[in-house]
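S.K.: Below: one structure in structure tokens.
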Amino acid sequence: MRKLLLFILLVVLGVALFYKSPFSALYNYNKGKDLYTAGSYEQSIPYFERALFAKPNDNLMRYTYVLALSKSKPVYSVQKKLYEIATGQPQDEAAKTARLKALNLKYKLVADFKNNYINNAIYGNDILRWDIRSFPLKLYIENPDDVPAYYVTNINKAFDKWASRTNFVKFTQVNDAKSADIIISFKDIPSSSCTGKICNYTVAYTEPEISGKNILKKMHLTFYKTNPRNDRFSEYEVYNTALHEIGHTLGIMGHSEFPMDIMYAQKETSSTYMPSLTSQDLNARDINTLILLYRIEPTISNTPNLSSETFYYAPLIIGEDDERIQKKIQEYSDYISRYPNISSGYINLASAYADSGDFDKALSTLNKGSMYVQSNDERFLIEYNKAAIYFNQQKYSLALEAANNAKSIKDDNAVNELIDEINQMQQ
Ligand SMILES: [Zn+2]
Numbered sequence: 092m093r094k095l096l097l098f099i100l101l102v103v104l105g106v107a108l109f110y111k112s113p114f115s116a117l118y119n120y121n122k123g124k125d126l127y128t129a130g131s132y133e134q135s136i137p138y139f140e141r142a143l144f145a146k147p148n149d150n151l152m153r154y155t156y157v158l159a160l161s162k163s164k165p166v167y168s169v170q171k172k173l174y175e176i177a178t179g180q181p182q183d184e185a186a187k188t189a190r191l192k193a194l195n196l197k198y199k200l201v202a203d204f205k206n207n208y209i210n211n212a213i214y215g216n217d218i219l220r221w222d223i224r225s226f227p228l229k230l231y232i233e234n235p236d237d238v239p240a241y242y243v244t245n246i247n248k249a250f251d252k253w254a255s256r257t258n259f260v261k262f263t264q265v266n267d268a269k270s271a272d273i274i275i276s277f278k279d280i281p282s283s284s285c286t287g288k289i290c291n292y293t294v295a296y297t298e299p300e301i302s303g304k305n306i307l308k309k310m311h312l313t314f315y316k317t318n319p320r321n322d323r324f325s326e327y328e329v330y331n332t333a334l335h336e337i338g339h340t341l342g343i344m345g346h347s348e349f350p351m352d353i354m355y356a357q358k359e360t361s362s363t364y365m366p367s368l369t370s371q372d373l374n375a376r377d378i379n380t381l382i383l384l385y386r387i388e389p390t391i392s393n394t395p396n397l398s399s400e401t402f403y404y405a406p407l408i409i410g411e412d413d414e415r416i417q418k419k420i421q422e423y424s425d426y427i428s429r430y431p432n433i434s435s436g437y438i439n440l441a442s443a444y445a446d447s448g449d450f451d452k453a454l455s456t457l458n459k460g461s462m463y464v465q466s467n468d469e470r471f472l473i474e475y476n477k478a479a480i481y482f483n484q485q486k487y488s489l490a491l492e493a494a495n496n497a498k499s500i501k502d503d504n505a506v507n508e509l510i511d512e513i514n515q516m517q518q
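Counting along the sequence shown from 1, when you hit position 297 you're at 388 in the numbering used here, and nothing is skipped either side.
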């Protein structure tokens, strides 16, 4: 028995040594090269990977591997490998070639949807979207009698518009909130929306409900019943706003920079009352953005760890994190210069600074934003974000103070989880 064990150990060791040996590298490389020359690119890849496992920095092997990847069917894993070589170390000829090939691949993958604003559609650093297999999404309209019938008619019309303009988005109405994916509700506008003659308000807003493990539970779409002057919103206001907010409920979490797009930011917040006189439509950019979003692998979805070789690899399509964060900082700074009295602009800018690692700037931006809060939701977000930033800075007592402030405004799972984490760190 002892002899057998020793024998097995020796075999295992021998195999391990073989895989790490230059002989194995050459053997696997030659096998890969033969397959590559014969045009069997996909089959050559595992051999090149074994060769590189033994000799990770061999220039020629890396280079041939990149060529094999770029000639393979561009499935998810191929996109990811190419992108990782392109952006990783060492930055040799193979990496430079990978960079070029990755760029080509990106343009090939998005060729049919070239006009889009996918870079602005993401949720911080996350891709949030539903699993296509769970369509039709279940809609529940809470207390529809609280608003005139045309509110509900126009909201339903907007859902139908998204469904008819895409060939995959589908909705169905359900009678209980519990089983619903999207909950639509109506609420009174906060009285603090006006200062003198200036009123800052939105017609509606959308909030995702996400559980701890990046699971999208529901989308909450809330309409105000009236504007701050107690006038009902017009049919077009309800319809146009619904089109915009439904884009959010589908996962387009950011905003477009172009006024012709339905996800253009200005539509959400207007400082003067301006009823829209025409009904809007979805344009090609809106549809392309949604189609692309539903091809990219999500990081937050209603199905845990949703993945498939048919998905697109997000960094390849969207670009590097840093680039994106800088763009967001620019976008939110522009927003604040246009609407300096709206706290959500500061809250968004602060998250972008936090993403970039500039916590001090994030905190001072949140403090500025706290001067313009109008609702408890905004007050909660400011305190919660402060707590998260202090936590990252390892300033645990300040973090706990802010988290408790947040909890006193809204006692939800996210803040309780954060408080638990802070307490664990303080022990
Ligand atoms: Zn919006």
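Beta carbons are placed, not taken as given, at the ideal position from N, Cα and C, and that holds for glycine.
With distances taken from CA atoms, which of Lys172, Ser461 and Ile409 is nearest Ile218?
M.R.: Closest by alpha carbon: Ile409.
S.K.: Have a look at Ile37 and Asn321 and give me their C-alpha separation to the nearest angstrom.
M.R.: Coverage of the chain is limited to positions 92 through 518, which leaves residue 37 absent and any answer about it impossible.
S.K.: Is Lys252 helix, strand or coil when you go by DSSP?
M.R.: Lys252: helix per DSSP, three-state reduction.
S.K.: Under the criterion of a Cβ to heavy atom distance below 7 Å, does His346 qualify as lining ligand 1?
M.R.: Yes, ligand 1 has a heavy atom inside 7 Å of this Cβ.
S.K.: At a threshold of 7 Å, does Asn311 count as lining ligand 1 (C-beta to nearest heavy atom)?
M.R.: A small fix is needed here, since residue 311 is His in this sequence, not Asn. Every heavy atom of ligand 1 is 7 Å or more from the Cβ of His311, so no.
S.K.: Should Tyr198 be counted as a contact of ligand 2 given a C-beta to heavy atom distance under 7 Å?
M.R.: Among the ligands modelled here, namely ligand 1, ligand 2 does not occur.
S.K.: Is Ile416 helix, strand or coil when you go by DSSP?
M.R.: DSSP places Ile416 in helix when its eight states are reduced to three.
S.K.: State the start and end residues of the unbroken alpha helix (DSSP H) segment that holds Ile408.
M.R.: Element bounds for Ile408: Ala405 to Ile409.
S.K.: Pick helix, strand or coil for Arg386, following the three-state DSSP scheme.
M.R.: Three-state DSSP puts Arg386 in coil, outside helix and strand.
S.K.: Scan the stretch 453-499 and note each continuous alpha helix (DSSP H) run of 4 residues or more that stays entirely inside, going in chain order.
M.R.: Taking only runs of at least 4 residues, the alpha helix (DSSP H) segments lying wholly in the stretch 453-499 are 467-483.
S.K.: Can you tell me whether Glu400 is buried or exposed? The criterion is at least 16 other CB atoms within 10 Å of its CB, across all chains shown.
M.R.: Answer is exposed; the Cβ neighbour count stays below 16.
S.K.: Can you list, in chain order, the residues of its chain with a C-beta nearer than 6 Å to that of Ser43? Leave out the 5 residues immediately preceding and following it.
M.R.: Given a span of 92 to 518 for the chain in the structure shown, any question on residue 43 remains unanswerable.
S.K.: Compute the Euclidean distance between the alpha carbons of Leu440 and Arg429, then round it to the nearest angstrom.
M.R.: Cα to Cα, Leu440 sits roughly 14 Å from Arg429.
S.K.: Using only alpha-carbon positions, find the residue among Thr317, Thr263 and Asp468 that is nearest to Asp279.
M.R.: Among Thr317, Thr263 and Asp468, the Cα nearest to that of Asp279 is on Thr317.
S.K.: For Ala497, collect the residues of the same chain with a Cβ closer than 7 Å to its Cβ; drop the 5 residues on either side in sequence, then sort them by chain order.
M.R.: Closer than 7 Å at the Cβ level, and outside the excluded window around Ala497, lie Phe471, Glu474, Tyr475, Ala478 and Val506.
S.K.: From the DSSP output, which residues share a beta bridge with Phe314?
M.R.: In the DSSP output, where bridge partners are listed per residue, Phe314 has Phe277 and Ala295.
S.K.: Considering Leu368, what are the terminal residues of the beta strand (DSSP E) in which it resides?
M.R.: No beta strand (DSSP E) holds Leu368; DSSP gives it neither H nor E.
S.K.: Go through its chain and collect everything with a Cβ distance to Phe349's Cβ below 8 Å, but skip five positions before and after it.
M.R.: Correct list, in chain order: Tyr208, Tyr355 and Arg376.
S.K.: Which parts of the stretch 123-204 are runs of the beta strand (DSSP E), unbroken and 3 residues or longer, counting only runs that do not cross its ends?
M.R.: Listed in chain order, nothing qualifies, since the stretch 123-204 has no complete beta strand (DSSP E) run of 3 or more residues.
S.K.: DSSP three-state call for Lys309: helix, strand or coil?
M.R.: Three-state DSSP puts Lys309 in a strand.
S.K.: Does the pairing of the stretch 389-399 with the stretch 256-271 give three or more beta-carbon distances under 8 Å?
M.R.: No, they do not touch.
S.K.: Under a three-way DSSP split, which group does Leu341 fall into?
M.R.: Leu341: coil per DSSP, three-state reduction.
S.K.: From the DSSP secondary-structure annotation, give me the bridge partner or partners of Lys263.
M.R.: For clarity, residue 263 is Thr in the given sequence; the question names Lys instead. BP columns for Thr263 point to Lys229.
S.K.: My output table needs one value for Ser325: the three-state DSSP class, helix, strand or coil.
M.R.: It is coil, neither helix nor strand.
S.K.: Are Leu143 and Ser135 closer than 8 Å when you measure CB to CB?
M.R.: Going by C-beta atoms, Leu143 is not nearer than 8 Å to Ser135.
S.K.: Quick check: Pro165 and Leu200, are their CB atoms within less than 8 Å of each other?
M.R.: Cβ atoms of Pro165 and Leu200: closer than 8 Å.
S.K.: Shortest alpha-carbon distance to Glu512 belongs to which of Ser499, Asp502, Met310 and Leu491?
M.R.: When each option's Cα is compared against that of Glu512, the closest is Leu491.
S.K.: With DSSP as the reference, label Glu422 as helix, strand or coil.
M.R.: Three-state DSSP puts Glu422 in a helix.
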